[in-house]
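**Student:**
Residue numbers (the UniProt record's numbering): 1 to 236.
What follows is the structure in structure tokens.
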């Protein structure tokens, strides 16, 4: 009997020989492997195939590896390991700050990469399948590209408004508490500044709701938090 796959891995590198070497080694160990040569291709493949782990080079044509990490982190918690020739501390800090889970400098040993992959996969909490694009009624929220459209028209959001949209879209249909939103958008030191939420949610509703006083999608659970829904599930 053929053993089940060990997990789907997306390999992102512009050097064909590295892609081939990694693919061969990973497939020999039971992994399903997808390949991408550019950052743009990587984001498309990730949204389509939902890998269990991503290996990404920093020096890519077009958008670089840092932007790939940021694009993935807009909608996914998939483990990301950076593989790169850059060994400068600033590059490592930038990659980790963007959301990478680990960093391996080329040339690397395959056993080290596999060990780091196992560690990253162990740390990854199981969850529901993630979506790069969330559609709710007339709203289309592209978490990878950080864009929101209403009835096909681009809606321009401030960074804070986008932070709220992103958190609610990633938990679509579920209550996100005031504390969760404050800490995710403003930082871990914020827990009780609910007036921030009221002001920015009011501004967001004015931009995306047909009737901001009776929101259909960005609804309030009084005293608790907010929810992104397809149909009314509470008052403003």
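Ideal Cβ placement from N, Cα and C applies to all residues, glycine included.
(1) Just to confirm the assignment, what range does the alpha helix (DSSP H) spanning residue 189 have?
(2) Given this structure, state the Cα-to-Cα distance separating residue 46 from residue 85, to the nearest angstrom.
(3) Between which residues of its own chain and residue 133 is the CB-CB distance below 6 Å, once the five residues before and five after are set aside?
(4) So, do the region 143 to 151 and the region 192 to 201 have three or more beta carbon pairs nearer to each other than 8 Å?
(5) Taking the beta carbon of residue 202 as the centre, do at least 16 other beta carbons fall within 10 Å, making it buried, or is it exposed?
(6) Tell me which residues share the same chain as residue 120 and place their Cβ nearer than 7 Å to its Cβ, disregarding the 5 neighbours each side in the sequence.
(7) Bridge partners for residue 36 per DSSP, in chain order?
(8) I'd like the span of the alpha helix (DSSP H) that includes residue 164, first residue to last.
(9) Check whether the Cβ of residue 67 lies closer than 7 Å to any Cβ atom in chain D.
**Tutor:** Inspection of the coordinates gives the following:
(1) As a working note, residue 189 is residue 189 in the chain shown. Premise fails: residue 189 is in no alpha helix (DSSP H) and is neither H nor E.
(2) The residue labelled residue 46 in the question sits at position 46 within the chain shown. The residue labelled residue 85 in the question sits at position 85 within the chain shown. Straight-line Cα distance between these residues: approximately 23 Å.
(3) On the chain shown, residue 133 is found 133 positions in, with the first residue counted as 1. Closer than 6 Å at Cβ, skipping near neighbours: 142.
(4) no
(5) In the chain shown, residue 202 corresponds to position 202, counting from 1. The residue in question, residue 202, is exposed, as its Cβ has fewer than 16 Cβ neighbours within 10 Å.
(6) Looking up residue 120 in the chain shown gives position 120. Hits under 7 Å: 53, 79, 81, 101, 102.
(7) Within the chain shown, numbered from 1, the residue matching residue 36 stands at position 36. DSSP lists 12 as partners of residue 36.
(8) Your numbering for residue 164 matches position 164 in the chain shown. Element bounds for residue 164: 159 to 170.
(9) Judged by its chain identifiers, the structure shown contains no chain D, having just a single protein chain.
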